[in-house]
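Before any comments, here is the structure.
Protein chains: 2
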Amino acid sequence: MKQEMNLQHVIFTQGMDLDDVLLNQVFEKYEGKFKAIADKKRIRIMNIITRKGEINVCELALLMNMAQSKLSYHLKILLDANLINRVIKGTSSYYSLNQDEVNHLLSSELCCLFRPTW
Amino acid sequence: MKQEMNLQHVIFTQGMDLDDVLLNQVFEKYEGKFKAIADKKRIRIMNIITRKGEINVCELALLMNMAQSKLSYHLKILLDANLINRVIKGTSSYYSLNQDEVNHLLSSELCCLFRPTW
DNA sequence: TCGATACATCAAAAAAGGTTGATTAAAACA
DNA sequence: TGTTTTAATCAACCTTTTTTGATGTATCGA
C-alpha cells in the first residue's frame with residue numbers, strides 16, 4: 001500500500017518539477033488515509049471505538065460479530081494510517097481514536113460520526 | 119461497489135434495531151465516497167479539475183499523461199460518487215468539481231487541495 | 001455522406017484487497 | 001513450569017478494482 005522510493009518512482013518523477021513531486025507526495029499521503037477509511041467495516045470500527053473511548057480486540061470482536069484475525073487485519077490498517085492509537089496492557093491491546101488526525105482529515109459534519117459527544 | 123438491497127443485506131440487518139440499520143446506511147454511503155477519493159490518480163484528477171475550473175477528457179489526458187479509456191474509467195468513479203460534475207458540449211465532455219460535496223466531506227485544510235483560490 | 005474527433009463501454013488479464021483457519025508469541029496466573 | 005488468555009501474523013484462497021486494447025456511438029466539418 002505504501003509507495004516505496006523504488007525505480008518506478010524515480011522514473012515516474014523524472015521530468016516533473018519540484019512542486020509536482022511534492023504535490024504527488026501529498027496525494028500519496030491522502031490516498032493512504034482515505035483507503036484506510038474507505039471501508040464500511042472500518043468506519044464502523046472507528047465509530048464503536050469513538051463511542052467506547054477505548055476498547056480491546058476481544059470486546060470489539062463481540063460488538064462487531066467478527067472473527068479475531070479479521071479484526072486484527074482491519075485494526076492494523078487503521079493503525080498504520082494513524083487514524084487510531086494502540087496501548088498494550090497485559091495481554092490486551094486497547095485501541096482509541098486519533099481524534100486529531102480525524103479532525104484534520106474530515107469535514108466537521110462528518111467528524112460527528114467520530115466524536116464521543118453524541 | 120454499491121450494496122444492493124439483496125438477501126444477504128436482509129439477513130445481515132435482522133436482529134439489528136432501526137438505529138443500527140440507519141447508521142449502517144450512513145457507513146455505506148461514506149464508504150462509497152471515500153473509495154472514490156482513495157486513489158492518488160483520482161485525487162490528482164480532482165486537483166487538476168479544480169485548478170482548471172472546467173476541463174475536457176482530451177486535455178486532461180494530456181495533463182495526466184494517461185490513456186483515454188483509463189481516464190474515462192476514473193472519471194466515471196468520481197462522477198458516480200458525485201464528487202465531480204459533467205456537462206456535454208458537442209463531442210466533448212467537460213468536467214468540474216462538485217465543490218459542495220467536497221466541502222461536506224473533507225476538512226477545510228484538505229479542501230485547499232480542491233479550491234480554485236490558490 | 002464520408003471521414004475525423006471525442007469519449008464511453010466492453011471483455012480479458014493483472015493487481016490489489018479481504019477472508020479463512022491455523023500457528024505463533026507474549027503475558028498472566030495457578 | 002504448564003495452562004490459559006489475548007492478539008498478531010501467515011499462507012492459501014477468494015473477491016474487487018484497475019489496466020489494457022479494441023469496439024461502439026455521437027457529433028462535427030469537408
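Protein chains in written order, with my numbering: chain A, 1 to 118; chain B, 119 to 236. For each residue, glycine too, the CB sits at the ideal point set by N, CA and C. Predicted, not measured: the structure shown is a model, and the values here were computed from it.
Check your understanding: At what residue ranges does the segment 155-193 of chain B contain a whole run of the alpha helix (DSSP H), taking only runs of 4 or more?
Key -> 158-170, 175-182
Practice item. Mind checking which residues open and close the alpha helix (DSSP H) that includes residue 221/B? Key: To locate residue 221/B, count along the second sequence from 1; it is residue 103. 217-223 is the extent of the alpha helix (DSSP H) around residue 221/B.
Practice item. Give me the Cα-Cα distance between residue 56/A and residue 135/B, rounded to the nearest whole angstrom. Key: Within the first sequence, residue 56/A is the residue found at index 56, counting from 1. Within the second sequence, residue 135/B is the residue found at index 17, counting from 1. Looking at the two C-alpha atoms, the distance is approximately 24 angstroms.
Check your understanding: Going by alpha carbons, who is nearest to residue 65/A out of 33/A, 79/A, 48/A?
Key -> Sequence index remark: in the first sequence, residue 65/A carries index 65 (1-based). If we check each option's Cα against that of residue 65/A, 48/A comes out closest.
Check your understanding: Secondary structure at residue 24/A, three-state DSSP: helix, strand or coil?
Key -> Taking the first residue of the first sequence as 1, we reach residue 24/A at position 24. Reduced to three states, the DSSP call for residue 24/A is helix.
Review point. How is the alpha helix (DSSP H) around residue 110/A delimited, first residue to last?
Key: The residue you call residue 110/A lines up with position 110 of the first sequence. Per DSSP, the unbroken alpha helix (DSSP H) holding residue 110/A starts and ends at 108-111.
Check your understanding: So the beta strand (DSSP E) residue 86/A belongs to, where does it begin and stop?
Key -> Mapped onto the first sequence, residue 86/A falls at position 86. 84-89 is the span of the beta strand (DSSP E), which, as asked, contains residue 86/A.
Practice item. Using a Cβ cut-off of 9 angstroms (strictly closer), state whether residue 39/A contacts chain B. Key: Within the first sequence, the letter at position 39 stands for residue 39/A. By this cut-off, residue 39/A is an interface position.
Exercise for review: Check the Cβ-Cβ distances between residue 44/A and every residue of chain B, and say whether any is below 9 angstroms.
Suggested key: Position 44 of the first sequence, counted from the start, is the residue given in the question as residue 44/A. Closer than 9 angstroms to some Cβ of chain B, the Cβ of residue 44/A qualifies, so yes.
Point to revise | Residues near residue 159/B by beta carbon distance below 7 angstroms, same chain, minus five either side | key: To locate residue 159/B, count along the second sequence from 1; it is residue 41. Closer than 7 angstroms at the Cβ level, and outside the excluded window around residue 159/B, lie 192.
Exercise for review: Verify the CB distance criterion: does residue 226/B have a CB-CB separation below 9 angstroms to chain A?
Suggested key: Sequence index remark: in the second sequence, residue 226/B carries index 108 (1-based). Cβ-Cβ to chain A under 9 angstroms: yes for residue 226/B.
**Study point:** Sequence-distant residues of its chain with Cβ nearer than 7 angstroms to residue 43/A (five each side left out)
**Key:** Position 43 of the first sequence holds residue 43/A. Excluding residues within five positions, the ones whose Cβ falls inside 7 angstroms are 37.
Practice item. Step through the CB atoms of chain B and report whether any lies within less than 9 angstroms of the CB of residue 26/A. Key: In the first sequence, counting from the first residue as 1, residue 26/A sits at position 26. With 9 angstroms as the cut-off, residue 26/A counts as an interface residue toward chain B.
Point to revise | Per DSSP, cross-strand counterpart(s) of residue 30/A | key: Translated into positions along the first sequence, residue 30/A becomes position 30. None, per the DSSP bridge assignment.
Review point. Using 9 angstroms as the limit for Cβ to Cβ distance, is residue 74/A near chain B?
Key: Counting from one through the first sequence, the residue named residue 74/A turns up at place 74. Not one chain B Cβ lies under 9 angstroms of residue 74/A.
Exercise for review: Can you pull the chain A residues whose beta carbon is under 7 angstroms from the beta carbon of residue 212/B, in chain order?
Suggested key: Start at 1 with the first residue of the second sequence, and residue 212/B comes out as number 94. The premise fails here: residue 212/B is roughly 23 angstroms from chain A at the closest Cβ pair, so nothing lies under 7 angstroms.
Review point. How many angstroms separate the CA atom of residue 187/B from the CA atom of residue 194/B?
Key: Start at 1 with the first residue of the second sequence, and residue 187/B comes out as number 69. Start at 1 with the first residue of the second sequence, and residue 194/B comes out as number 76. Distance between the alpha carbons of residue 187/B and residue 194/B is about 11 angstroms.
**Study point:** Amino acids of chain A, ordered along the chain, whose beta-carbon sits closer than 9 angstroms to that of residue 221/B
**Key:** For the purposes of this step, residue 221/B is identified with residue 103 of the second sequence, where counting begins at 1. Correct list: 107.
Check your understanding: Is the CB of residue 196/B under 9 angstroms away from at least one CB in chain A?
Key -> Mapped onto the second sequence, residue 196/B falls at position 78. No, because no Cβ of chain A sits closer than 9 angstroms to the Cβ of residue 196/B.
Review point. Cα separation between residue 170/B and residue 204/B?
Key: Residue mapping note: residue 170/B aligns to position 52 of the second sequence, counting from 1. Residue mapping note: residue 204/B aligns to position 86 of the second sequence, counting from 1. When rounded, the separation of the alpha-carbon atoms in residue 170/B and residue 204/B is 14 angstroms.
Exercise for review: Check whether the segment 222-236 of chain B touches the segment 96-110 of chain A, counting contact only when three or more Cβ pairs, one atom from each stretch, lie closer than 8 angstroms.
Suggested key: yes
Check your understanding: With distances taken between CB atoms, is the gap from residue 60/A to residue 83/A smaller than 9 angstroms?
Key -> Within the first sequence, numbered from 1, the residue matching residue 60/A stands at position 60. Within the first sequence, numbered from 1, the residue matching residue 83/A stands at position 83. Not a contact, by the Cβ cut-off of 9 angstroms.
Exercise for review: Leaving aside the five residues before and after residue 94/A along the sequence, list all residues of the same chain whose C-beta is less than 8 angstroms from its C-beta, in chain order.
Suggested key: Counting from one through the first sequence, the residue named residue 94/A turns up at place 94. Taken in chain order, the residues that qualify are 54, 55, 56, 86, 87, 88.
Point to revise | Spatial distance of residue 23/A from residue 29/A (CA atoms) | key: Here residue 23/A corresponds to residue number 23 of the first sequence, with the count starting at 1. Here residue 29/A corresponds to residue number 29 of the first sequence, with the count starting at 1. If you take the alpha carbons of residue 23/A and residue 29/A, they lie about 10 angstroms apart.
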